Every structure is written in C-alpha cells, then in structure tokens.
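Data first, discussion second: the structure below is written as structure tokens.
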Amino acid sequence: MRRGYDHGPRLAAAAGRLYRPPPVAVEMSMFKGSLVALIPPFRDGKVDEKAFQELVEWHVREGTHGLVPCGTTGESPTLSHAEHKRVVELCVEAAARRIPVIAGSGSNSTDEAIDLTRHARAAGADGALIVTPYYNKPTQEGLFRHFEAIAAAVDIPILVYNIPGRSVVDISVETMARIARLANIVGVKESTGDLTRITKHRLAIDTPFVQLSGEDYLALAQMAAGADGCISVTANVAPRLLSDMHLACQRGDFAAARAIHERLAPLHEALFVETSPGPVKFAASLLGKATAEIRLPLVEPGPATRDRVRAAMIHAGLLN
Numbered sequence: 374m375r376r377g378y379d380h381g382p383r384l385a386a387a388a389g390r391l392y393r394p395p396p397v398a399v400e401m402s403m404f405k406g407s408l409v410a411l412i413p414p415f416r417d418g419k420v421d422e423k424a425f426q427e428l429v430e431w432h433v434r435e436g437t438h439g440l441v442p443c444g445t446t447g448e449s450p451t452l453s454h455a456e457h458k459r460v461v462e463l464c465v466e467a468a469a470r471r472i473p474v475i476a477g478s479g480s481n482s483t484d485e486a487i488d489l490t491r492h493a494r495a496a497g498a499d500g501a502l503i504v505t506p507y508y509n510k511p512t513q514e515g516l517f518r519h520f521e522a523i524a525a526a527v528d529i530p531i532l533v534y535n536i537p538g539r540s541v542v543d544i545s546v547e548t549m550a551r552i553a554r555l556a557n558i559v560g561v562k563e564s565t566g567d568l569t570r571i572t573k574h575r576l577a578i579d580t581p582f583v584q585l586s587g588e589d590y591l592a593l594a595q596m597a598a599g600a601d602g603c604i605s606v607t608a609n610v611a612p613r614l615l616s617d618m619h620l621a622c623q624r625g626d627f628a629a630a631r632a633i634h635e636r637l638a639p640l641h642e643a644l645f646v647e648t649s650p651g652p653v654k655f656a657a658s659l660l661g662k663a664t665a666e667i668r669l670p671l672v673e674p675g676p677a678t679r680d681r682v683r684a685a686m687i688h689a690g691l692l693n
C-alpha cells in the first residue's frame, strides 16, 4: 500500500512533461527532520527479518521522521538483489504508513537503478534515494541523463544522493539545478562535506527542493543554512535525541539543538573511525538492537574503535 498521496499531477513523465509543475505541498513536507539510514541486522550471515522489523517499530516509537533502507549504511553493496528488494518490502510493511519510507535504489547502471526504483514504487515506498553512479565516473551530462532516465521511467518522488567520497563524482551546482527541474526529483541528500552547498543550491534552484544533510556532524550547521533535515547514521542508536534536535531546529531553537549536537558529537566521530556501517552496527549491538555482523569486504571494528564507540555512547547517555 502506498501512503495515499496523489503524485499524479507532479509525476507525469510523458513526452513534453519531464519538467515539474507546481509541487504538492504534502509531498515535499514528508521529507524532513531526522531520517535514519537503516542498518540491516544480520544473524548467521542472513538478514534477520524479525530484528529488522523490530528496529523499524522502535524508530516509529522514538520519533524518527523517516526510514531509509538499502543505502550505504544499509549495506546495499553486499545485499543480493533479492535481499535488497525484500528489505524494502519489510520496511514498508513494518512502517505501516506511519512514517515515510525512502528506499535506496541507486546503481552505477541506469537500467539497474530503474529496476530497483520500480520495485520500490511497487512495494509502496514513499520515495527513492538514488546515489550518483560510482566507479564508472560519468560526466556532468552523463549524471543529468542518468537521473533524467530514472525520473522518466518511474513515477515516484526521487532524492538524489550526492556523495563524492563514495562515488568519486560530484554533481555540480549547475547540474543539480538542471536535475532539480525534472518532474519527480524532489530533493538531494547532500554529502559533499561542503557547507556552502546548501546556500548555493538555494540560490541556484528556483523551485521548492528538499535538501537533507548526509553528514551527522555537519547537520546542525546545514540546518542553520536552510537544510530540511538529515539522513542519519547516528539515528540508528540515538533516534529520540536526533528527533528532538531536528524539532528544535524547526522551531528555531538552535540553542537546544546545539546542546543535543554537542552531546552526540563524540558519537558522530566514533561511528566513522572505521568504515561505516561497522561501528554503528557494533553500537546497535550494545543496545541489543542487532548483532555486530557485517559482510565482507567490511569487517567488524577493532578493539580501539569498539572502546571509542562505547565511550561515546556513555557520553551521550545511551549506555549506563
């Protein structure tokens, strides 16, 4: 089941309709606040479906504003296609239309990204998060055409995921402004680490466009610059705190938001001492929410990292 929003007026992709009509306000407002880049709990090498759905239920109770399965934190590079699709289905089912689900459905193959995005729509996801193509290093024109083709093929709200540190390519501000005009491209997960991007996008893009931070440590600063929220790794283990921080930002109480940010800052750092999602899966194991299992070529974090994560969790008040 879909969430019941009428995307038809915005998402027509027939010839001559690639560019966006005025946005439906409710569609844009779905994508804000603290959205969690969900880890997939494993047990004995397989996705632990029960633990995953319990994790979703916990996030709903804790006030998380949206769920993002099958991104990088969701170990999409090592999930099989069948597992990827099953995780999206499990997430949609467990969320039960209470909070939005934005399914990771990107690939460095445009055809594969279209297939995964079609599945996300059929499964009932509210949106799709599509990463820039990695490894094959498309030009700016290639990046535009990649998103153009997906937007034309699937009538679902799409968030672009711009993360040069993982994909090696960076969508320029000018290209992002072109992409933003495509009918169902509604926003971006901004993970360049460039604090000027939010403002540059706001100046260059002349239609409503959601901007979500992809960097926990930078989220507060990006919110102050006009971002709408964050797709967060740390929210896997501190959902209530991050929900409260984003609600504080939304009401303009940046002093309260800063206090939460400073409480979580050591944890934001600790979760990236080794390649994510190894540290955050270990952190989740400390809370009993998942095992620390992770798939090769990634490995569970070493003793020094585990000690640092545990200390940061204690500092944040998440462990006794």
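Heads up: the sequence shown begins at 374 in this note's numbering, then just goes up one per residue.
All residues carry an ideal CB built from backbone N, CA and C; glycine is no exception.
Everything numeric in this text was worked out from a predicted model, so none of it was measured.
Compute the Euclidean distance between the alpha carbons of residue i and residue j, then round it to the nearest angstrom.
i, j, result
"His619", "Gly625", "10 Å"
"Gly599", "Pro537", "21 Å"
"Leu637", "Ala656", "13 Å"
"Asp421", "Asp579", "44 Å"
"Leu391", "Cys464", "Caution is warranted here: a pLDDT of 38 is assigned to Leu391, below 50, making its placement in the model unreliable, and the coordinate value is therefore given only provisionally. Approximately 30 Å, taken between the alpha carbons."
"Gln513", "Asn693", "49 Å"
"His641", "Pro506", "26 Å"
"Cys443", "Pro413", "8 Å"
"Asp589", "Asp484", "31 Å"
"Gly521", "Leu555", "Going by the sequence as given, residue 521 is Glu instead of Gly. Going by the C-alpha atoms only, they are around 7 Å apart."
"Ala632", "Arg683", "20 Å"
"Met686", "Ser407", "19 Å"
"Glu635", "Pro674", "24 Å"
"Asp417", "Pro581", "45 Å"
"Val606", "Val653", "7 Å"
"Arg494", "Thr451", "22 Å"
"Ala665", "Ile472", "26 Å"
"Thr370", "Ala455", "An answer regarding residue 370 cannot be provided, because it is not within the stretch 374 to 693 covered by the chain."
"Ala387", "Phe645", "At Ala387, the pLDDT of 29 sits below 50, so the modelled position is not reliable; the number obtained from the coordinates is stated separately. Distance between the alpha carbons of Ala387 and Phe645: 43 Å."
"Leu532", "Ala592", "17 Å"
Looking at C-alpha atoms only, which residue of the options is the closest neighbour of residue i?
i, options, result
"Ser649", "Arg668, Arg636, His634 and Leu659", "Arg668"
"Gly560", "Lys419, Val682 and Gly602", "Gly602"
"Arg518", "Arg494, Ile487, Ala496 and Val441", "Ile487"
"Gly497", "Ser480, Ala469 and Ile523", "Ala469"
"Ala643", "Pro676, Gln595 and Trp431", "Pro676"
Which residue marks the beginning of the alpha helix (DSSP H) containing residue i, and which one marks its end?
i, result
"Ala638", "Phe627 to Ala643"
"Lys423", "Glu422 to Glu435"
"Glu540", "It is Ser, not Glu, that sits at residue 540 in the sequence shown. Run containing Ser540: Pro537 to Ser540, per the alpha helix (DSSP H) assignment."
"Ser407", "That residue, Ser407, is in no alpha helix (DSSP H); its beta strand (DSSP E) goes Gly406 to Ala410."
Measure how close the beta-carbons of residue i and residue j come, nearest whole angstrom, since I'm counting them as under 8 Å.
i, j, result
"Ser478", "Ile503", "6 Å"
"Thr437", "Val409", "5 Å"
"Leu411", "Gly439", "Contact doesn't hold; Cβ gap of about 10 Å is too wide."
"Thr490", "Val527", "4 Å"
"Lys562", "Ile604", "5 Å"
How far does the beta strand (DSSP E) with residue i in it extend, from its first residue to its last?
i, result
"Cys443", "Segment: none, Cys443 is in no beta strand (DSSP E) and carries neither H nor E."
"Glu658", "Note that residue 658 is Ser in the sequence shown, not Glu. Per DSSP, Ser658 belongs to no beta strand (DSSP E); it is in the alpha helix (DSSP H), Gly651 to Leu659."
"Glu563", "Ile558 to Glu563"
"Ser605", "Gly602 to Ser605"
"Leu502", "Gly500 to Val504"
Is residue i near the ligand PLP, judged by its Cβ being under 8 Å from some heavy atom?
i, result
"Ala468", "Among the components modelled here there is no ligand, and therefore nothing to report on the ligand PLP."
Q. Any contact of the segment 571 to 585 with the segment 610 to 629, i.e. 3+ C-beta pairs under 8 Å?
A. With the cut-off at 8 Å, the segment 571 to 585 and the segment 610 to 629 do not touch.
Q: Please determine if the segment 412 to 430 and the segment 453 to 462 are in contact, where contact requires at least 3 C-beta pairs separated by less than 8 Å.
A: Short answer: they touch.
Q. Do the segment 539 to 550 and the segment 559 to 577 make contact, defined as three or more Cβ pairs closer than 8 Å?
A. Touching, yes.
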